[in-house]
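Peer 1:
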Amino acid sequence: MQGCEENAVVDVNTSMDNGSWGYDKKINVPVQITDASKLYNLYFNLRHTSNYQYSNIFVLIHQKAKGLKTITERKEFKLAYPDGEWLGSGTGNFYSYQLPFRKDYKFPSAGTYVFEIEQNMRDNPLKEIIDVGLRVEPVAAN
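Per this note's numbering, the very first residue in the sequence shown carries number 30; after that it's consecutive.
Structure representation (structure tokens):
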């Protein structure tokens, strides 16, 4: 796992073995929320090669916390324009994304939450995926 901090509560990416993301490779990211009165933005991080064969990706994102019901969301993220041009920022053969899936989110309480991310495409494994992750950051005060 790789991470970088800045003002984020967490910003972690997990590398995929051989550039393939199988159904059995679920990414688990613990997030410690100390101030439940704040609002947070949550992002799905993704990096793929230029050989990725789809213009989108479907993922399941599970939010788990002790004593709370698990929240599961199926999300589709667009990765390319209709003409095939990638939306992500490119470096060499790689394209990176930080895709928002919750804006101005208020956690129910302080504590540790675990986000589990799994790919939900037809292909197993999903090829040309380099790494996957999660970023959680407090909303900046105006």
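Yeah, the Cβ is synthetic: ideal placement off N, Cα and C, and Gly gets one too.
None of the values given here were measured: they were computed from a predicted structure.
Can you tell me which residues form a DSSP beta bridge with Ala109?
Peer 2: Per DSSP, Trp115.
Peer 1: By a C-beta neighbour count over all protein chains shown, 10 Å radius and 16 as the cutoff for buried, is Glu147 buried or exposed?
Peer 2: buried
Peer 1: Using three-state DSSP, classify Asp40 as helix, strand or coil.
Peer 2: strand
Peer 1: Would you mind reading off the limits of the beta strand (DSSP E) that contains Arg151?
Peer 2: From DSSP, Arg151 is part of no beta strand (DSSP E); its letter is neither H nor E.
Peer 1: In its own chain, which residues sit with a C-beta less than 8 Å from the C-beta of Pro137, not counting the 5 before and 5 after it?
Peer 2: Ala65, Ala94, Leu97
Peer 1: Going by DSSP in three states, Asp133 sits in which element: helix, strand or coil?
Peer 2: strand
Peer 1: Which one or two residues does DSSP pair with Tyr22 in a beta bridge?
Peer 2: No information on residue 22 is available, as it lies outside the stretch 30 to 171 that the chain covers here.
Peer 1: Nearest-angstrom Cα distance between Asn70 and Asn47?
Peer 2: The straight-line gap separating the alpha-carbon atoms of Asn70 and Asn47 is approximately 31 Å.
Peer 1: If you draw a straight line from the C-alpha of Ile56 to the C-alpha of Tyr72, how long is it?
Peer 2: Pairing Ile56 with Tyr72, the inter-Cα distance amounts to about 14 Å.
Peer 1: Going by the CB atoms, is the gap between Glu166 and Val41 shorter than 8 Å?
Peer 2: no
Peer 1: With C-beta atoms as the reference, is Val168 less than 8 Å away from Asn74?
Peer 2: no
Peer 1: For Ile90, which option in Gly119, Thr99, Asp53, Gln61 has the closest C-alpha, if you only look at C-alpha atoms?
Peer 2: Distance from the Cα of Ile90 is smallest, within the candidate group Gly119, Thr99, Asp53, Gln61, for Thr99.
Peer 1: What separation, rounded to the nearest whole angstrom, lies between the Cα atoms of Lys107 and Thr63?
Peer 2: 32 Å
Peer 1: Please name the residue, chosen from Thr120, Gln61, Met45, that lies closest to Ala139 on a Cα-to-Cα basis.
Peer 2: Gln61
Peer 1: Which residues bound the beta strand (DSSP E) around Asn80?
Peer 2: From DSSP, Asn80 is part of no beta strand (DSSP E); its letter is neither H nor E.
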